[in-house]
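In my numbering, the protein residues as written are 205 to 410.
Set out below in structure tokens:
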């Protein structure tokens, strides 16, 4: 089985979305052992957006069933999209599985770029018409930097949880098994996640 770790290292150098809380780490030596003091935002690094991120009274991260984040997933190559992922990039390519991960030209980038590829509201609408319950992207956000939250609200309002800043640089398009579990933070609107993809290798011929 081939395993892809699609999680960015969570460090002070991780891609930082302007306005978010910048991660900070400080090692504390007690004289007997060491611990690390951490300052993180709920959307630091590779993370999940719970519905409560944009919707008052929406489902919080601890209320999302793990089954939504464990199961078959399809990586869809959208690297041909410039700044906007439109319905034409998705039409006829949406999977029958519940999880769709968008691989964009942002793959492999290590610094924030405000023109990262983002989903249009029309493409979001198309996705809400499917059975998808989890949508991921390797970009810093599913929505354009200058967006007004409409894309987030449309997806989250239909119960579709969002994974952002995945690391899909080394992952070919195709079918996988995904595990992407957040911290169980009571009442939180999001959480860093450790996300992996597994792909069963071809059987060897006798």
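By construction, the Cβ of each residue, glycine as well, lies at the ideal position given by its N, Cα and C atoms.
Being a predicted model, the structure only gives us computed values, none of them experimental.
In the three-state scheme derived from DSSP, where H, G and I count as helix and E and B as strand, residue 346 is classed as coil. Judged by DSSP in its simplified three-state form, residue 212 adopts coil rather than helix or strand.
Here the alpha carbon of residue 305 sits roughly 8 Å from the alpha carbon of residue 342. By the Cβ test, the segment 245-257 is not in contact with the segment 328-336, since fewer than three Cβ pairs between them sit closer than 8 Å. DSSP assignment within the segment 224-298 yields the following whole beta strand (DSSP E) runs of 3 residues or more, N-terminal first: 228-233, 238-243, 251-253, 274-281. By the criterion of at least three beta-carbon pairs nearer than 8 Å, the segment 352-368 is not in contact with the segment 223-234.
When secondary structure is reduced to three states using DSSP, residue 355 falls in the helix class.
In this structure residue 394 touches residue 257 by the C-beta definition: roughly 6 Å separates them, less than 8 Å. Pairwise C-beta distances place the segment 313-324 in contact with the segment 345-353, as three or more of them are shorter than 8 Å. In the DSSP assignment, residue 326 falls within the alpha helix (DSSP H) that extends over 325-332.
Nearest Cα to residue 216 within the set 241, 208, 233, 210: 241.
Taken through DSSP and simplified to helix, strand or coil, residue 300 comes out as coil. Secondary structure of residue 405 (DSSP, three-state): coil. Annotation for residue 310: no beta strand (DSSP E) segment contains it, and DSSP assigns it neither H nor E. Among the bridge pairs identified by DSSP, residue 366 is matched with 253, 339. C-alpha of residue 280 to C-alpha of residue 403: approximately 15 Å in a straight line. The secondary-structure analysis by DSSP pairs residue 394 across a beta bridge with 253. Note on geometry: alpha-carbon atoms of residue 287 and residue 390 lie some 35 Å from one another.
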